[in-house]
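Taking this note's numbering, the leading residue of the sequence shown gets 9, the next gets one more, and so forth. Every residue gets a Cβ at the ideal spot worked out from N, C-alpha and C, and that includes glycine. Quick caveat: nothing in here was measured; it's all calculated off a predicted structure. So the structure is just underneath, and the comments pick up after that.
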Amino acid sequence: KLINLKNVKIEFHTLLLAKKKLIHQLAFICFFKFTFKSINLLITSIYKTCFYSGWITLFLIRFFYFASIILIKLIIKPIKSLITFINKLNYSTWFNQRLIIKKFLPRPNLFYLRSVIIFALVLLILILPFKAYTYYKSLDTIRGQVLKESKQAINQLLFAGKSAVDLDFNQTQINFSQAGNNFLSAQDKLNEINGLLFTLAAIIPDKNLQLTAVAKDILQAGQLSSEIGKNLSMIIEKSFNKTNGLKEILDNFRLYGRLAASKTFKLNNLLTTIDNNNLPDQYSQQFILLQEKTKILNNSLTEFVDLADKLDNFLGLTQNKRYLLVFQNNTELRASGGFIGSYALLDFSNGKLKNLEVPGGGSYDTKAGMLAKIIAPQPLQLIAPQWYFWDANWWFDWPTSANKLMWFYEKSNGPTVDGVISFTPTVLEELLKIIGPIDLTEQYNMIIDADNFWLKTQELVEQKTNKTNQPKKIINDLMNKIIAELPTRITKNNLIPLLKVTEQLFSAKQILFYFTDSDLQNKIVKLGWDGGFKKTDKDYLAVINTNIAGGKSDRKIQETIDHQAKVMPDNTIIDTVTIKRTHTGIKNELFCGVRNIDWMRIYVPQGSQLISAQGFQAVDEIYFKKPDNAWQTDLDIYKTESQTIIDKISGTKIYNEFNKTVFANWSQVNPGQTITIILKYKLPFRINESIKSINESITDKIINKALDLINQNQKKVYPYSLLIQKQPGAKIDQITANLIVNNFSLIWKYPTELVVNKTGWQINNNLDSDKFWAVLLEEK
9 KLINLKNVKI EFHTLLLAKK KLIHQLAFIC FFKFTFKSIN LLITSIYKTC
59 FYSGWITLFL IRFFYFASII LIKLIIKPIK SLITFINKLN YSTWFNQRLI
109 IKKFLPRPNL FYLRSVIIFA LVLLILILPF KAYTYYKSLD TIRGQVLKES
159 KQAINQLLFA GKSAVDLDFN QTQINFSQAG NNFLSAQDKL NEINGLLFTL
209 AAIIPDKNLQ LTAVAKDILQ AGQLSSEIGK NLSMIIEKSF NKTNGLKEIL
259 DNFRLYGRLA ASKTFKLNNL LTTIDNNNLP DQYSQQFILL QEKTKILNNS
309 LTEFVDLADK LDNFLGLTQN KRYLLVFQNN TELRASGGFI GSYALLDFSN
359 GKLKNLEVPG GGSYDTKAGM LAKIIAPQPL QLIAPQWYFW DANWWFDWPT
409 SANKLMWFYE KSNGPTVDGV ISFTPTVLEE LLKIIGPIDL TEQYNMIIDA
459 DNFWLKTQEL VEQKTNKTNQ PKKIINDLMN KIIAELPTRI TKNNLIPLLK
509 VTEQLFSAKQ ILFYFTDSDL QNKIVKLGWD GGFKKTDKDY LAVINTNIAG
559 GKSDRKIQET IDHQAKVMPD NTIIDTVTIK RTHTGIKNEL FCGVRNIDWM
609 RIYVPQGSQL ISAQGFQAVD EIYFKKPDNA WQTDLDIYKT ESQTIIDKIS
659 GTKIYNEFNK TVFANWSQVN PGQTITIILK YKLPFRINES IKSINESITD
709 KIINKALDLI NQNQKKVYPY SLLIQKQPGA KIDQITANLI VNNFSLIWKY
759 PTELVVNKTG WQINNNLDSD KFWAVLLEEK
């Protein structure tokens, strides 16, 4: 009843507005017709009066003229001939006058029609400004309400764009709907104003009036936004329908996701046509951000819908799929995440998880099936000379490590898999924070939550074999319990936090994917979930730590990285990297209170020349186990170790890998201590004019802006950029970066919020994901 009453109220209000507008227009038409008829009658009267008055005057003149002639003839006969001549002359003049009138004064009806048309046009030109002014003054009475509603709607749009990018679909729908309501309310007021005002408003230098000029476009944007909010909310509604399975959820996501993506595409195009200069100053910059966020939302929805299409293959809807799931313990850090103590096999069929198998003995269960004898990488020989599955994640590049894991798994009598998925304990800790504790009282007499997860599971998996022959069983039981309870644990209230945390875990490389299916892998690479190397032909840095025989001490390590690039007078670049590692653990503390022994690899631009290295501490050779000469050499490892050179002063190994130069050496830090490692090296390139590929992660639009700036600038322009990649699985380190360019000035920067000064840039940031910065320089 309330809804019906509200609809009646809206319809009645609409009828009143329509009636008011109709009366206004009829009054204007009647006034115009009355004025036109009146003036028409007046002009006609004046014309006829002048016409007949002229003829009467001419008749009288002619009468008195001829009368005078007769009188003169009678009185003065001598001048008869003269009078006759004058008579003829005047007659011809009179005749000529008739001709002139006929020639220059057309028939009364034609002259009247032309006069009316000309007068109407003149009248229209005179009336328009007064009419516009009348409307402008009428706007004064409702301008405040229009502006209030429009500004509130713009605010709601701004909040909605931010919420959508943050994956907060519930709040997005609320903001979009409120924006739509505000715009509709503003439209009710705008309907009272003639459309002529919108044309004039665009050229009148009045911010309030100009806002009215774009109000129609903004109203349409509000309506599109409301529809987007409804589509996004439908995704959530359908996801929590208990009758829907995974396939139905994906189908609904694709359906409503495509609708939302289509609407955001239209919204993005519409927003680009709105001149932000017509908006109030306090909204102009925010509106630009809204345009950017809408574009991001459109791209994100398009990518996720495309990913949903690829998930059919991932979930075994077309054919059965099997994946290797590895648990990388990042408290014992390895190049691609952490030590692989446990793994699982995932079997998908028809969109459902058919089997989750976690070996009770963990990764060590693969040892018996590994018949081939492979020599381990030289640093790993500190713990064992033979290379096994659990140490196969040797490379920072996840696709390379994943391929090696698959190879080792098959050689260890394991089945062929369609890909490798990795996650760290950090993932489970963050998940438990959102869905709550897991009750394992029946099996282990404990409840696992985010606070005790790592310690409790670590105590169980590190048990000696004389206590249990299945120390990793806790992982299997915990995973099965989570999978069983997850559908009921996820609610509308915690879905958004879960999505946000998941996105952060992907960015921090706590979750990694590798698939043998090229289409699916290409999509993963595009989303940045592949954990692979990124290309750049400019400055680059990646600090990769590999814990070897250092226990679980990485849980207590705090690392800061400082990168300084100094442009020398000859345009060469000298980089100095300072790495501080602090062990916050206590000596003999359970699992963590041991010395952290780290094989550190620093990746820099290929061809960089080491100038100096300080702070490294080598491990004594007596602790290394020697492999048998008859064992096989891995070709990938041989390719690296065979071309390694050693810096004589610091003992640092130098080699090339993945089109990068690597400086590798040992670092050791005891509990409660801090070490500092300093590397100084010369980059293989100078500051030059090349801008062919600053970095593949920069969009073409930004590159084009930079190129336009170069073309507009008469001086030579030089690009410099720095890409720093985060190690998968690593904690969030602190990164500082300084660029020193005394002979240059900065004329462009990326991103726009980059802090720069007269000598370069100063960056202090969290290394929670890969970071990229770029500038364009010109000579002072």
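- In the three-state scheme derived from DSSP, where H, G and I count as helix and E and B as strand, T767 is classed as coil.
- In the structure shown, Q622 falls within a strand segment according to DSSP collapsed to helix, strand and coil.
- Here DSSP, grouped into helix, strand and coil, assigns Y631 to helix.
- In this structure L747 is buried. Its beta-carbon is surrounded by 16 or more other beta-carbon atoms within 10 angstroms.
- I446 is bridged by DSSP to I456.
- Taken through DSSP and simplified to helix, strand or coil, A410 comes out as helix.
- About 22 Å separates the CB atoms of I740 and L687; that is not less than 8 Å, and the two are not in contact.
- Looking at Y758, A268 and L325, the one whose alpha-carbon comes closest to that of F312 is A268.
- Taking 8 Å as the cut-off, the Cβ atoms of I504 and F521 do not count as close.
- L691 places its beta carbon 8 Å or farther from that of D578.
- Between G346 and G737, the CB-CB gap stays under 8 Å.
- For S526, the enclosing alpha helix (DSSP H) has its first and last residue at S526 to L535.
- Inclusion of I771 and V783 in the CB contact set at 8 Å is not warranted, their separation being larger than that value.
- Short of 6 Å from the beta carbon of R266, and not among the five residues preceding or following it, lie these beta carbons of its own chain, in chain order: V313.
- If you draw a 10 Å sphere on the C-beta of G680, you find fewer than 16 other C-beta atoms in it, and that means exposed.
- Taken through DSSP and simplified to helix, strand or coil, K574 comes out as strand.
- Partner residues in the beta bridge of N553, as assigned by DSSP, are M608.
- Proximity to P635 across N750, E245, V366 and I383 peaks at I383, based on C-alpha coordinates.
- Under DSSP, the beta-bridge partners assigned to D355 are R330 and N363.
- The C-beta distance from G539 to S344 rounds to 7 Å, short enough to fall under 8 Å.
- Rounded to whole angstroms, the separation of the alpha carbons of K480 and G237 is 45 Å.
- DSSP, read as helix, strand or coil, puts L325 in coil.
- Boundaries of the alpha helix (DSSP H) around V469: F461 to V469.
- The C-alpha of N338 is placed about 41 Å away from the C-alpha of F273.
- Each residue's CA atom was taken as its position, placing E418 and K375 some 12 Å apart.
- Membership of Q676 in the beta strand (DSSP E) is indicated by the continuous run K668 to V677.
- Each residue's CA atom was taken as its position, placing I683 and S675 some 8 Å apart.
- For A492, the uninterrupted alpha helix (DSSP H) run begins and ends at K481 to R497, by DSSP.
- In the assembly as shown, R609 is a buried residue. Its beta-carbon has 16 or more other beta-carbons within 10 Å.
- Ranked by Cα distance from F431, the first of I519, Q228, L439 and T326 is I519.
- In this chain, the alpha helix (DSSP H) harbouring E511 covers K500 to S515.
- Contact between the stretch 452 to 463 and the stretch 427 to 444 is present, with at least three C-beta pairs closer than 8 Å.
- Taking 8 Å as the upper bound for CB-CB distance, V627 and L390 are in contact here, some 6 Å apart.
- Your pair L618 and Y689 checks out as a contact, with CB atoms roughly 5 Å apart and the cut at 8 Å.
- The way I'd put it, the stretch 750 to 759 does touch the stretch 572 to 589; three or more beta-carbon pairs between them come closer than 8 Å.
- Counting along the chain, E649 sits inside no beta strand (DSSP E); it lies in the alpha helix (DSSP H) bounded by residues L643 to E649.
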